[in-house]
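Data first, discussion second: the structure below is written as structure tokens.
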Amino acid sequence: MTAPQVKTGPSLRKMESDLEVNKTTLHNWKQNRPKLYEFIIDSYQDRKALKENIMFLIDQKQKLEERINLEHKKVS
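For the sequence shown, my numbering assigns the number 20 to the initial residue and increments by one for each residue that follows.
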């Protein structure tokens, strides 16, 4: 049996710079408004996943364009 996965969020310092919110404010939300803080963390992690997917799609597009160009050169 494996240990349960603990959901860890990004560091307050990283979120401070990315979201342009004071680190103290984030800490206060974590203490006093846990639902809001949880929503912010979930949204932040979704943003990270979306960015990774977009980067993957951009990479795939570039590879396809290169392959199309190679095939086009072969035909010409």
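Cβ atoms here follow ideal geometry from the backbone N, Cα and C, with glycine treated the same way.
- Spatial neighbours of residue 31 in its own chain (CB-CB distance under 7 Å, excluding positions within 5 residues in sequence) are listed in chain order as 42, 45, 46.
- When only Cα atoms are considered, residue 85 and residue 66 end up about 29 Å apart.
- The straight-line gap separating the alpha-carbon atoms of residue 34 and residue 93 is approximately 49 Å.
- When only Cα atoms are considered, residue 70 and residue 63 end up about 11 Å apart.
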